[in-house]
Ligand SMILES: Cc1cc2nc3c(=O)[nH]c(=O)nc-3n(C[C@H](O)[C@H](O)[C@H](O)COP(=O)(O)OP(=O)(O)OC[C@H]3O[C@@H](n4cnc5c(N)ncnc54)[C@H](O)[C@@H]3O)c2cc1C
Ligand code: FES
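Chains as they are written, first to last, in our numbering: chain E, 1 to 85; chain P, 86 to 552.
Here's what the structure looks like:
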């Protein structure tokens, strides 16, 4: 199985979350905040804090720690928060 | 329809489902995760299959939870009262995906077993990537086989720091140090006369402590991470000795190289569904009677939602709640006296644990004016205090409105209690959220199939046992 992160192909396994994939590749930060443009990545790990948001297949505000990857997913960093959408 | 809906498939929810099913009622067990187990029994997501049985084949020979329909990857985002029960709304499918499927399940009795999440205290640099909660480190290590960093400092308070440190090591990290802000956990583990002697978890914790000793991981009490440094990610941290109030002792600061920090200061219950069903909550925890009944008719609660006491207590409470819920929908149920006895002893240890590992107010001194208090809205301590000084803030709701704290996507889950404590107001209001989990607008507009409206069958009576 493969996904793309910022256009780059990554080999993944079934059951991995987006956060699991990124951290296993040494990627720690994948969002910037709207206000001060500060980097963000994983924080609570269980879907509570909404710090770990990414864009998956064009859809923003997906929690990286909760989303399990699917073959061909296109994962991108995001700025701020776009909900409600 | 004799149906019980159980929300949350951790130790509490699984026990509730098993117990209710054993009394012949139909059980729907809903969890946001793909596999059963919750936090304590979190399974390796990369392994095929489910250790607790085949969830897709209820009633099959190998299923550990017979007659239970396990709805996986399903988030409960609202519960509404209906005549004679409740309607539970869920979205099923990839987390936060717009194509999730809607479903609504009605039941006369529901068991809330939604668990808890780590409390994190703010400190300068706590918003840098690489600073995570101990629960996050634990969940990533157990569920994904990934360590959150190569050189990790673990800090906070309570026995949970120990298993998290051991999991990090197993996932390949070097744990640089474990910093316990209160007195050493290891002290009471070895004291046969201590308040926690006989606690079912003591043996397990002693094994974790021994594993850390073998690896020569320094374990320091009265110590905390008071700052994380780095530009894009954590590069180092400052640890300091604390006085009895948790104020850092000047001159005791040490700078340590680390690329990740895992912090946890106890747990906060996941109470939004309980508040949505109008259960009474005290100090953040759902109030229950001896049968795990809440103040809302037909709503039972079990596990960390009702108090923090570990997996065994959660499972015992779940068993009681499952029996009580089955009785409520009309099954013949004997009072589960053994589980009730386990609950009582578990609660004694939980109270001793809470007394031994409190959060002390000296953490307020870790913050500087420009330290972020609310991570979502990027509100600093100075901005929070300015807002509080400018207006008369009496409760969490007005604190939210004047300062902006808690108005972000996490809805105050992370910052609410901390901000309320800093501002000196009651924080319960932060847990009141109209939607328990965000749904997209398009999803809200969608119609969802509603299953088996409740028929006007005879109404069961709650498990009214006294002890
Ligand atoms: C991240 C984390 C990791 C932990 N790891 C350990 C550990 O390794 N060892 C240990 O001794 N203790 C651990 N704990 C402490 C642990 O919480 C308890 O000991 C035990 O798991 C509590 O059981 P429970 O059944 O009350 O809740 P949990 O085990 O937390 O189960 C709650 C379940 O409810 C589900 N849920 C919540 N809200 C919803 C919703 N709206 N819709 C659908 N599903 C929902 C969650 O997905 C979860 O599976 C951990 C705690 C946390 C927060
Ligand atoms: S890390 Fe908190 S929601 Fe993903």
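Idealized CB from N, CA, C, for every residue including glycine.
What's the C-alpha gap between residue i and residue j?
{"i": "residue 247 of chain P", "j": "residue 534 of chain P", "result": "45 Å"}
{"i": "residue 485 of chain P", "j": "residue 211 of chain P", "result": "21 Å"}
{"i": "residue 259 of chain P", "j": "residue 217 of chain P", "result": "16 Å"}
{"i": "residue 171 of chain P", "j": "residue 191 of chain P", "result": "6 Å"}
{"i": "residue 73 of chain E", "j": "residue 51 of chain E", "result": "20 Å"}
{"i": "residue 413 of chain P", "j": "residue 394 of chain P", "result": "26 Å"}
{"i": "residue 166 of chain P", "j": "residue 362 of chain P", "result": "7 Å"}
{"i": "residue 71 of chain E", "j": "residue 300 of chain P", "result": "39 Å"}
{"i": "residue 313 of chain P", "j": "residue 59 of chain E", "result": "32 Å"}
{"i": "residue 195 of chain P", "j": "residue 355 of chain P", "result": "16 Å"}
{"i": "residue 201 of chain P", "j": "residue 370 of chain P", "result": "10 Å"}
{"i": "residue 475 of chain P", "j": "residue 483 of chain P", "result": "12 Å"}
{"i": "residue 422 of chain P", "j": "residue 318 of chain P", "result": "52 Å"}
{"i": "residue 156 of chain P", "j": "residue 120 of chain P", "result": "10 Å"}
{"i": "residue 152 of chain P", "j": "residue 424 of chain P", "result": "21 Å"}
{"i": "residue 461 of chain P", "j": "residue 455 of chain P", "result": "15 Å"}
{"i": "residue 236 of chain P", "j": "residue 182 of chain P", "result": "34 Å"}
{"i": "residue 1 of chain E", "j": "residue 403 of chain P", "result": "39 Å"}
{"i": "residue 380 of chain P", "j": "residue 310 of chain P", "result": "40 Å"}
{"i": "residue 353 of chain P", "j": "residue 305 of chain P", "result": "24 Å"}
{"i": "residue 265 of chain P", "j": "residue 463 of chain P", "result": "28 Å"}
{"i": "residue 132 of chain P", "j": "residue 249 of chain P", "result": "21 Å"}
{"i": "residue 345 of chain P", "j": "residue 252 of chain P", "result": "14 Å"}
{"i": "residue 452 of chain P", "j": "residue 49 of chain E", "result": "20 Å"}
{"i": "residue 522 of chain P", "j": "residue 337 of chain P", "result": "42 Å"}
Got a sec: is the Cβ-Cβ distance from residue i to anything in chain E below 8 Å?
{"i": "residue 142 of chain P", "result": "Note that residue 142 of chain P scores a pLDDT of 41, beneath 50, so its modelled location is shaky; the value from the coordinates is reported in the next line. Chain E, which has no Cβ nearer than 8 Å to the Cβ of residue 142 of chain P, makes this no."}
{"i": "residue 502 of chain P", "result": "no"}
{"i": "residue 318 of chain P", "result": "yes"}
{"i": "residue 364 of chain P", "result": "no"}
{"i": "residue 42 of chain P", "result": "There is no way to answer for residue 42 of chain P, as the model of chain P reaches only from 86 to 552."}
{"i": "residue 374 of chain P", "result": "no"}
{"i": "residue 231 of chain P", "result": "yes"}
{"i": "residue 390 of chain P", "result": "no"}
{"i": "residue 237 of chain P", "result": "no"}
{"i": "residue 455 of chain P", "result": "no"}
{"i": "residue 308 of chain P", "result": "no"}
{"i": "residue 399 of chain P", "result": "no"}
{"i": "residue 116 of chain P", "result": "no"}
{"i": "residue 101 of chain P", "result": "no"}
For residue i, would you say it is in contact with chain P, using Cβ-to-Cβ distances shorter than 8 Å as the test?
{"i": "residue 6 of chain E", "result": "no"}
{"i": "residue 71 of chain E", "result": "no"}
{"i": "residue 61 of chain E", "result": "yes"}
{"i": "residue 13 of chain E", "result": "yes"}
{"i": "residue 78 of chain E", "result": "no"}
{"i": "residue 17 of chain E", "result": "yes"}
{"i": "residue 46 of chain E", "result": "yes"}
{"i": "residue 3 of chain E", "result": "no"}
{"i": "residue 33 of chain E", "result": "yes"}
{"i": "residue 75 of chain E", "result": "no"}
{"i": "residue 55 of chain E", "result": "no"}
Note the first and the last residue of the continuous alpha helix (DSSP H) segment covering residue i.
{"i": "residue 96 of chain P", "result": "96-107"}
{"i": "residue 502 of chain P", "result": "501-508"}
{"i": "residue 431 of chain P", "result": "422-441"}
{"i": "residue 202 of chain P", "result": "First-last for residue 202 of chain P: 201-203, but that is the beta strand (DSSP E), not the alpha helix (DSSP H)."}
{"i": "residue 292 of chain P", "result": "287-299"}
{"i": "residue 254 of chain P", "result": "246-255"}
{"i": "residue 208 of chain P", "result": "Unbroken run through residue 208 of chain P: none, as it is neither H nor E."}
Considering just the uninterrupted stretch of the beta strand (DSSP E) at residue i, what are its terminal residues?
{"i": "residue 83 of chain P", "result": "Only positions 86 to 552 of chain P appear in this structure, which leaves residue 83 of chain P out of reach."}
{"i": "residue 63 of chain E", "result": "59-63"}
{"i": "residue 10 of chain E", "result": "8-11"}
{"i": "residue 74 of chain E", "result": "74-76"}
{"i": "residue 24 of chain E", "result": "From DSSP, residue 24 of chain E is part of no beta strand (DSSP E) but of the alpha helix (DSSP H) over 18-24."}
{"i": "residue 193 of chain P", "result": "Looking at the DSSP string, residue 193 of chain P is not in any beta strand (DSSP E), and its letter there is neither H nor E."}
{"i": "residue 262 of chain P", "result": "259-265"}
{"i": "residue 154 of chain P", "result": "153-156"}
With 8 Å as the threshold, decide whether the Cβ of residue i is near any Cβ in chain B.
{"i": "residue 51 of chain E", "result": "Judged by its chain identifiers, the structure shown contains no chain B, and its protein chains are E and P."}
Task: Distance cut 7 Å, beta-carbon to ligand 2 heavy atom: residue list by chain order - done: E:19, E:42, E:43, E:44, E:45, E:46, E:47, E:48, E:49, E:50, E:51, E:52, E:63, E:64, E:65, E:66 and P:221
- [ ] Spell out a yes or no on whether the segment 317-324 of chain P and the segment 337-349 of chain P are touching, meaning 3 or more CB-CB pairs, one atom from each, closer than 8 Å.
- [x] yes
- [ ] Report yes or no: do three or more beta-carbon pairs, one from the segment 55-69 of chain E and one from the segment 364-380 of chain P, lie closer than 8 Å?
- [x] no
- [ ] Check whether the segment 383-402 of chain P touches the segment 86-106 of chain P, taking contact to mean three or more Cβ pairs, one atom from each stretch, closer than 8 Å.
- [x] yes
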